[in-house]
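Here is the structure we will look at.
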Amino acid sequence: MIAMVWNELIVCYLFLAGLGAGSFLLASVTGWLSGSTKKIRLIGSVVGLATVAVGTLLLMVDARAGLGSPARFFGLVSNLGSPMAWGVLCLSVFLVIAAASLIFQLAKKKVPKFIDVLGMLCSLGVATYTGVLLGAAKAYPLWNMAILPALFVVSAALAGFSLVSAIAYFSARDELPSLTFMPKAEVVLPVLVGVLFAALLVATAAVPGDSAHAAASLSVQRMLVGSFASVFWIGVVVCGIVVPLVAGVCRLISKRRDVTNVGMIGYVASCIGEFAMRYVIVMAAVSITLGAAF
0 MIAMVWNELI VCYLFLAGLG AGSFLLASVT GWLSGSTKKI RLIGSVVGLA
50 TVAVGTLLLM VDARAGLGSP ARFFGLVSNL GSPMAWGVLC LSVFLVIAAA
100 SLIFQLAKKK VPKFIDVLGM LCSLGVATYT GVLLGAAKAY PLWNMAILPA
150 LFVVSAALAG FSLVSAIAYF SARDELPSLT FMPKAEVVLP VLVGVLFAAL
200 LVATAAVPGD SAHAAASLSV QRMLVGSFAS VFWIGVVVCG IVVPLVAGVC
250 RLISKRRDVT NVGMIGYVAS CIGEFAMRYV IVMAAVSITL GAAF
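Encoded structure:
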C-alpha cells in the first residue's frame, strides 16, 4: 500500500494537473473551430503537456513511488482497485495524446480529429481525477466525492482557458477573435465555480455523525473565519470568482468583445484563484484535529 502525503506538494500537483488539463482542453477544442487558431492551439498543447508532466512527477514523489522504487510504482499501477492506479493510467494516456498532438503541430500537419476527441476526453479525465484523488480519502469530510470532481473540472477549465488566452494576448492576439465562445465562457465558468464551491461548503457543514460533523464544521470554519480565511476570501472568492466574473462581464457587454487589460487581470486572477482553491481545500481538511480550536 502506497501512502499519500497530503501537503503543499500535492497542492502543486492538483494545480498543475488542472491547469494543464484546461489548457489542452482548449487546444483540442480549437481543432473544431473555423478561423485560424494554430498558434493558440500550439500554446495550449505545450502548456498542457508541460504542466501535466511536471504535475505527474510531483504526484509520484508525493506517493513515494516510482523515482526511488520502480517495483513499488509498478505495483501501484497494476492495482486497478486503487484510485491512484486509474489516475496514473489517465495521466499517462493524457501525456501520450498531448505529445502526439504536439508532434503533428510541430511537423505542420493537420491533427487528426480522433486525437482532438481523445484530447478532450483525456483533459476532462485528468481534471476529474484531481477531485477523485481527494474524494477517495474518506477521512476528510471536506473532500466530497459528489461535488469535488465537478468543481475541479470547472475551475481547471477556467484557469487553463485563462492561461492560454493570456499567453495568446502577447503572442497570438490576432487569433483570439476566433475563440467565439470565450466571452460567454468567461462569465459562465466563474459563476459555476462559485455555485459548486458554495455547494461543497454546505454539503460539508451538513455531514452527519458527531465526530465527522465536528471535523467537517471545523474545516468550514477555518476556511471562512479561521486560519485559512485570508486565502479563501482573497484567493478563492476575489481572485478565483469575483475578478474573473467582472472581467468576463465587461468583455461580454462590450461592442467588440476584444481582450483588454481588464481581461488580462481576470486571466491572471483565475490562475491565482485555482491554486488558492486547491490549497485551501487540501490544507483546511488535513490540518483538522478533532477537538482542536481554530
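Positions 0 to 293 (numbering that gives the first Met the number 0) are the ones given, in order, by the sequence shown. Virtual Cβ for every residue (Gly too), placed ideally from N, Cα, C. Everything numeric in this text was worked out from a predicted model, so none of it was measured.
Item, Value
"Going by C-alpha distance, which of 142, 7, 236 and 227 is nearest residue 60?", "7"
"Would you identify the three-state DSSP class for residue 182, choosing helix, strand or coil?", "helix"
"What separation, rounded to the nearest whole angstrom, lies between the Cα atoms of residue 282 and residue 5?", "8 angstroms"
"Is the segment 157 to 165 close to the segment 16 to 23, with three or more CB pairs under 8 angstroms?", "yes"
"Work out the CA separation of residue 254 and residue 133 for me, nearest whole Å.", "43 angstroms"
"Could you please give the first and the last residue of the uninterrupted alpha helix (DSSP H) stretch that includes residue 115?", "112 to 134"
"Whose C-beta lies closer than 6 angstroms to the C-beta of residue 127 among residues of the same chain, with five residues either side of it excluded?", "148 and 152"
"Is the distance from the Cβ of residue 250 to the Cβ of residue 185 below 8 angstroms?", "yes"
"Tell me which residue opens and which closes the alpha helix (DSSP H) that residue 247 is part of.", "242 to 252"
"Spatial neighbours of residue 234 within its chain, please: CB distance less than 8 angstroms, with the 5 preceding and 5 following residues excluded, ordered by chain position.", "271, 272, 274, 275, 276, 278 and 279"
"Using a Cβ-Cβ cut-off of 6 angstroms (strictly less than) and excluding sequence neighbours within five positions of residue 164, which residues of its own chain qualify?", "266"
"Considering Cα atoms alone, identify which of 24, 188, 56 and 30 is closest to residue 46.", "24"
"Measuring CB to CB, does residue 284 end up less than 8 angstroms from residue 226?", "no"
"From what residue to what residue does the alpha helix (DSSP H) around residue 279 run?", "260 to 285"
"Using 8 angstroms as the cut-off, can you tell me whether the segment 102 to 119 makes contact with the segment 230 to 248, which would need three or more C-beta pairs spanning the two stretches below that distance?", "no"
"Once DSSP output is grouped into helix, strand and coil, what is the label at residue 168?", "helix"
"With a threshold of 16 other CB atoms inside 10 Å of the CB of residue 12, please say whether the residue is buried or exposed.", "buried"
"On the DSSP letters alone, give me the boundaries of the alpha helix (DSSP H) that residue 11 sits inside.", "7 to 28"
"So residue 166 and residue 42 are in contact, right, with Cβ under 8 angstroms, and what is the actual spacing, rounded?", "5 angstroms"
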